[in-house]
Every structure is written in C-alpha cells, then in structure tokens.
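Asks: Reminder that position 32 of the sequence shown reads as 34 in our numbering, one-by-one numbering, no gaps. Mind having a look at this structure? Questions to follow.
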Amino acid sequence: MSDLITPIIMPKWGLSMQEGTLSEWHVEEGTEISPGDEIMDVETDKIANVVEAADGGLLRRRVGQAGEVYPVRALLGVMAPESVSDAEIDAYISAFEVPEVEEEEDTGPAYEFADLPIGRIRYAERKGDGVPVLLIHGFGGDLDNWLFNIDAIAEAAPVYAIDLPGHGQSIKAVDNPGLQAMTDTVLAFMDHAEIDKAHLVGHSMGGLVSGRIASDHGGRVASLTLICSAGLGEEINRDYLDGFVAAATRRELKPKLQHLFADQSLVNRAMVDDLLKYKRLDGVQSFLEELNASLFSDGKQIESIAGALEAADLPCQVIWGAEDAVIPQTHAGAIASARVTVVNAAGHMVQMEQAAKVNDLIRDLL
Numbered sequence: 003m004s005d006l007i008t009p010i011i012m013p014k015w016g017l018s019m020q021e022g023t024l025s026e027w028h029v030e031e032g033t034e035i036s037p038g039d040e041i042m043d044v045e046t047d048k049i050a051n052v053v054e055a056a057d058g059g060l061l062r063r064r065v066g067q068a069g070e071v072y073p074v075r076a077l078l079g080v081m082a083p084e085s086v087s088d089a090e091i092d093a094y095i096s097a098f099e100v101p102e103v104e105e106e107e108d109t110g111p112a113y114e115f116a117d118l119p120i121g122r123i124r125y126a127e128r129k130g131d132g133v134p135v136l137l138i139h140g141f142g143g144d145l146d147n148w149l150f151n152i153d154a155i156a157e158a159a160p161v162y163a164i165d166l167p168g169h170g171q172s173i174k175a176v177d178n179p180g181l182q183a184m185t186d187t188v189l190a191f192m193d194h195a196e197i198d199k200a201h202l203v204g205h206s207m208g209g210l211v212s213g214r215i216a217s218d219h220g221g222r223v224a225s226l227t228l229i230c231s232a233g234l235g236e237e238i239n240r241d242y243l244d245g246f247v248a249a250a251t252r253r254e255l256k257p258k259l260q261h262l263f264a265d266q267s268l269v270n271r272a273m274v275d276d277l278l279k280y281k282r283l284d285g286v287q288s289f290l291e292e293l294n295a296s297l298f299s300d301g302k303q304i305e306s307i308a309g310a311l312e313a314a315d316l317p318c319q320v321i322w323g324a325e326d327a328v329i330p331q332t333h334a335g336a337i338a339s340a341r342v343t344v345v346n347a348a349g350h351m352v353q354m355e356q357a358a359k360v361n362d363l364i365r366d367l368l
C-alpha cells in the first residue's frame, strides 16, 4: 500500500538552503488537502514563507513538530487514503530515509558569472524551452530576492536572474551609476546569453530598468511584468532610501528594512546581517549613494516610464503589494493599458510575501 502514501517533505528554496524550521502547521490531521493549499510555514536563514501542497490527499500524520529544525527533504507529514492502515503509515515513517542531494542534482538555481563590458556579473539560470524570463531586482537587492519565484516560473519557461552592477556578487566599481548603466548591462547580458527576446520581470528599480528597455528596445521584449515598480510616479519613501544607504549597524538597518514587508517579523537577524556584509564591501557605499542620487534625488523619482509604456504595443501587467510602504500603491494605475493586480497582505517585497500569487500572475502572462 506504500504506493498510496504521499510524503510531505521539507522544501528546498535556492542553492544554499540546507535546513529549515517548521514554524507552524496550518492543517490538522484528517484534513483533505488540495494542491496549492497552504499547509505550513517554514523559516530559513533568509526568510520565512508559506509552503503550499504540491499534491492532494488526506493528511494522515503530521510528523514534523512546530519549532523544530529539519534538513531539506526530511519527512514532515504523510498523506494517504483511509484504506491505508495506521500500521502501514507507521511502517512508512519508520522506514523513510532523507535522500542525499548530489550537487549536480540540486534543484536550486545555480549561480554563474558572465564577463560583460561593465565587468563580471552574477546570474542564476534555469533551463527550459521557449522564450526566457529575465528577473531584475530592485535598489540594494540581488537575485536572491527571487528565491521563491525562480523554480515556480521555470515550470513554464527558461528563467534567468541577475545581480545588477553594484549589487550582490556583481562588480562594484562602476563609473556613473545610473539607469543607463543598468539597462546597458541587462542588454549586454542578453547578448551574452544569446537571448534575442525575453519576458522582463522587474521589481522596484528593476521595474524601471525593465520598462526603459521595453520602451527603447521593444523588439527584445516579449512581455513586461512590473512589480511595485519605480518610474510610474514621483513619490517614494525618502526615509527608507536615505536610511538604507546610510545605515551602518543592525540597529540602524533593521527598522529601514521593515518598510519592505507587510509582516515586519520577516526581517530576521540573518537578513540584516547579510545586507550589512554587502554594504561593507569595498565600493558599495559610494555606489549606493551615487545611484540613489541619480534616480531618487531629494526623495523624488527622477525617471518616468509610464508615458512611453502606455504608447508601446506590448503585453504588460503591474503587480503591487497593497501595503507597500516604499512606493505608493496608487502608482499601479499609471499605465492605463496594463493589467493591474493589487495583492493583499503584502508590502514592497510582494514577490516574497505572496510568492504563489505573484508566480501565478507571471505564468499567466507568458
């Protein structure tokens, strides 16, 4: 009867995840689960996220305990029809062994590097068929901002995510940081990866970069998804931007990062420490200061893409977190021809807080 038993295991999000904490169960034993149901919360050293059921079935046993740490692919629960006896469930749990993950079989996005005219750029790639999706992060972010999106979107198309210049593990010494340097880098990366045309998905500043490429190089863009995008209005949270750039300690940085999330508890110590390490790298501080001044001088957005995109003949959607405290949600309607979705219970990092909803919207547009 073991072929009727479906395991629920600790997921693997990204290349570096080795274990996670089962924070809370959302379903009781005896519950009939459907694919996509939210069944538990898991916290990693990056962020907490809800786990959705990959398969449907009757939850017979909750094996994992809330508050405990488990390795990736550990058995957390068992689904099986009523015809499977309790003894068979017990035997299955006792015999279950956590499979070893070989590096070449890792399901997370592999990190690679491309030497471009501006310098070395880090990127992640998931192979597949069709027109690729290119994910572009925001100001002060990196490709790990797409931790909960890359694999899900890769079910529908090839996916690339890059660290823009000055960010993540890409080159930090950049002359004249600004929008032109960012757009030139994305186009150079597309040339390097032999991508003639891509579905561009941009978050915050990455939306501004994506929109400018779409308006100036429309032949290279298959569709456009703008997530809490810059460039659609003038207002922006100056306290967040200037505070993020100036912060040099945990005490200074944490309250600024809390602007990014509707659920501020998601800003954990590991997130703060990772960003402090990044900000302390040679060249980062001056880069962020110059880029901030170039794009968001005196707390206002200098660049605009709304008018050009309104005139463009291009499939376009806008996604916004209803509780965005960085860029006003009212900017979501700036492009009259775009499909607009405002996602509840999410802030500026909506692609992390409500990943399943955002992933569905992106796949729908492809």
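Idealized CB from N, CA, C, for every residue including glycine.
Mapping DSSP to helix, strand and coil, what is Met273?
Replies: Residue state, collapsed to three classes: helix.
Asks: Cβ atoms of Thr227 and Gln319: under 8 Å apart, would you say?
Replies: Going by C-beta atoms, Gln319 is nearer than 8 Å to Thr227.
Asks: Can you tell me whether Lys302 is buried or exposed? The criterion is at least 16 other CB atoms within 10 Å of its CB, across all chains shown.
Replies: Burial call: exposed.
Asks: With DSSP as the reference, label Leu259 as helix, strand or coil.
Replies: Leu259: helix per DSSP, three-state reduction.
Asks: Considering only the beta carbon of each residue, do Val328 and Asn239 sit closer than 8 Å?
Replies: For Val328 and Asn239, yes; Cβs fall inside 8 Å.
Asks: Rounded to the nearest angstrom, what separates Ala313 and Pro37 at their Cα positions?
Replies: Each residue's alpha carbon lies about 40 Å from the other.
Asks: For Trp27, name the three-state secondary structure that DSSP assigns.
Replies: Reduced to three states, the DSSP call for Trp27 is strand.
Asks: If you follow the beta strand (DSSP E) that Leu61 is part of, which residue opens it and which one closes it?
Replies: Note, Leu61: beta strand (DSSP E), 59-64.
Asks: Classify Thr251 as buried or exposed, calling it buried when 16 or more other Cβ atoms lie within 10 Å of its own Cβ.
Replies: It is exposed - the Cβ of Thr251 has fewer than 16 other Cβ atoms within 10 Å.
Asks: Output yes or no for whether 8 Å exceeds the beta carbon distance between Pro160 and Ala183.
Replies: No, Cβ-Cβ distance for Pro160 and Ala183 is not below 8 Å.
Asks: What runs of the beta strand (DSSP E), each 3 residues or longer, lie entirely inside the segment 92-176?
Replies: Those beta strand (DSSP E) runs which fall completely within the segment 92-176 and span 3+ residues are 112-118, 121-128, 135-138, 161-164.
Asks: Smallest Cα separation from Asp198: which of Ala126, Glu291, Gly58, Val188?
Replies: Nearest option by C-alpha distance: Val188.
Asks: Hey, Ile164 and Ile138 are a contact pair by Cβ (cut 8 Å); roughly how many whole angstroms apart?
Replies: Going by Cβ atoms, the distance from Ile164 to Ile138 rounds to 7 Å, so yes, they are a contact pair.
Asks: Taking the alpha carbon of Asp47 as the point to measure from, which residue in Arg124, Trp15, Val29 has its own alpha carbon closest?
Replies: Residue Trp15 is the option with its Cα nearest to Asp47.
Asks: Measuring only the C-alpha atoms, how far is Glu114 from Glu31?
Replies: Approximately 43 Å, taken between the alpha carbons.
Asks: Measuring straight from C-alpha to C-alpha, what distance separates Glu107 and Asp153?
Replies: With a pLDDT of only 44 at Glu107, under 50, the local geometry of the prediction cannot be trusted, and the value read off the model is given with reservation. Each residue's alpha carbon lies about 14 Å from the other.
Asks: Taking the continuous beta strand (DSSP E) assigned at Ala370, which residues delimit it?
Replies: Outside the shown range of the chain, which is 3 to 368, sits residue 370, and nothing can be said about it.
Asks: Could you check whether the Cβ of Thr23 sits closer than 8 Å to any Cβ belonging to chain B?
Replies: Any reference to chain B falls outside this structure, which holds one protein chain only.
Asks: In the segment 329-367, which residue ranges form an unbroken beta strand (DSSP E) of at least 3 residues, counting only runs that do not cross its ends?
Replies: The qualifying runs are 341-345.
Asks: Tell me the residue span of the beta strand (DSSP E) that contains Val44.
Replies: Residues 40-45.
Asks: Along the alpha helix (DSSP H) that carries His201, what are the first and last residues, could you check?
Replies: Run containing His201: none in the alpha helix (DSSP H); it sits in the beta strand (DSSP E), 200-205.
Asks: Should Val100 go down as buried or exposed, given a rule of 16 or more other Cβ atoms within 10 Å for buried?
Replies: By the neighbour-count rule (16 or more Cβ atoms within 10 Å), Val100 is not buried but exposed.
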